[in-house]
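K.L.:
Would you mind keeping the following structure in view while I ask a few things?
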Amino acid sequence: FGETLAEDAPDVSAAEALAILRRYYGLTGTARPLPGERDHNFHIQADGEREFVLKISHPAEEAGFTDFQNKALDHILAVDSTLPVPSVRKSLEGEPQFAASVGGSAPRIIRLVAYLPGQLLSRSPTSDAQDRNLGIFLARLGRALRGFFHPAAGSDLLWDIRKVAKTRPMMAHISDPSRRAMVERAIDSFEQHAAPVIPTLRAQIVHNDMNSYNVVMDASRP
């Protein structure tokens, strides 16, 4: 995972977020902190009823990786503009991202994307219809990403199923012996049967972390 998960980034206040918004985007409004795994995120209610998410990356985050995300969003919307994914808003200088010192830290990548209203899937009732619609959405997202590539797509992420063997050291933290053995058997089986043939298969960039905390539902019809 690297330093982006091993070390916390310096805190960023709402006042600092609004200062960035005003200086680099020419916008004013209010800022409310949002949870984030690696970034500092703020829900921005801009004057004029527009809503955004201001994303301030971890100081250790590589600019190429955030550029990968930006270009993926641009590509998806260019292929299928009906997909509910956030668009990237450029700065006053016409940049989709830039580096600036925030919270007394080293320069950090700053981005502003459209805010998608709704509620987390984790807080929504579940149903067969919902599962089906999520599958359809994920398939459409994958289709929209066909043909897209970025140099940072080769980043060493443990979410990449091809890197599953690198999770072996983490098994020591599974206290239940039976569960630990189950995980070990699964990894052994993957390395024996799947890993050797993966290089021979077609591959593309996909969204590989569609968990209940990464999906926003329409609150009026969850």
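The C-terminal position of the sequence shown is numbered 242 in the working numbering, with every residue numbered one higher than the one before it.
Even glycine gets a Cβ: it sits at the ideal position worked out from N, Cα and C.
1) May I ask you to report which of helix, strand or coil DSSP gives Phe85?
2) Do you know offhand how far Arg152's Cα is from Thr146's?
3) Measure the alpha-carbon distance for Ala223 versus His60 and round it to whole angstroms.
4) Pick helix, strand or coil for Pro189, following the three-state DSSP scheme.
5) Which of helix, strand or coil does DSSP assign to Phe21?
6) Along the chain, which unbroken stretches of the alpha helix (DSSP H) at least 4 residues long are found entirely within the segment 90-175?
7) Just reading off the beta strand (DSSP E) that Leu74 is part of, what are its end residues?
8) Residues bridged to Pro53 by DSSP?
9) Between which two residues does the alpha helix (DSSP H) harbouring Met202 extend?
10) Relative to the C-alpha of Arg205, which candidate in Pro219, Pro106 and Ala185 has its C-alpha closest?
11) Would you check if there are 3 or more beta carbon pairs closer than 8 Å linking the segment 50-57 to the segment 100-116?
12) Would you identify the three-state DSSP class for Pro236, choosing helix, strand or coil?
13) Could you tell me which of Leu161, Met237 and Asp148 sits nearest to Leu136, measuring between CA atoms?
14) Compare the C-alpha of Glu81 against each of Leu41, Pro216, Phe118 and Leu141 and name the closest.
15) Quick test of your reading: Phe157 and Ala92, contact by CB under 8 Å. State the CB separation rounded to the nearest angstrom.
16) In angstroms with no decimal places, state the Cα-to-Cα distance between Ile129 and Pro106.
17) Would Ser232 and Leu140 qualify as a contact pair, given that the criterion is a beta-carbon distance under 8 Å?
18) Can you give me the C-alpha to C-alpha distance between Leu41 and Arg131, rounded to a whole angstrom?
19) Rounded to whole angstroms, what is the Cα-Cα separation between Ile183 and Asp176?
20) What would DSSP say about Pro30, mapped onto helix, strand or coil?
21) Relative to the C-alpha of Asn228, which candidate in Ala201, Ala126, Gln212 and Trp179 has its C-alpha closest?
22) Please identify the residue among Leu103, Arg199 and Gly124 whose C-alpha is closest to the C-alpha of Leu161.
23) Spatial neighbours of Phe88 within its chain, please: C-beta separation below 7 Å, excluding the five flanking residues on both sides.
P.N.:
Quick look at the numbers:
1) helix
2) 11 Å
3) Spanning the two alpha carbons is a distance of roughly 32 Å.
4) helix
5) Reliability fails at Phe21, whose pLDDT of 49 lies under 50, so the model's placement of it is uncertain and no value is given.
6) 148-164
7) Glu71 to Ile76
8) Phe62
9) Pro197 to Ser209
10) Ala185
11) Output reads no: the segment 100-116 does not touch the segment 50-57.
12) Checking the sequence, you will find Val at residue 236 rather than Pro. Looking at Val236 - three-state DSSP - the assignment turns out to be strand.
13) Met237
14) The candidate whose alpha carbon is nearest that of Glu81 is Phe118.
15) Between Ala92 and Phe157 the Cβ distance is about 16 Å, and since that is not below 8 Å, they are no contact.
16) 18 Å
17) yes
18) 10 Å
19) For clarity, residue 183 is Lys in the given sequence; the question names Ile instead. Distance between the alpha carbons of Lys183 and Asp176: 8 Å.
20) coil
21) Trp179
22) Leu103
23) Once the five neighbours on either side are set aside, the close Cβ partners of Phe88 are His170, Ala172 and Ala173.
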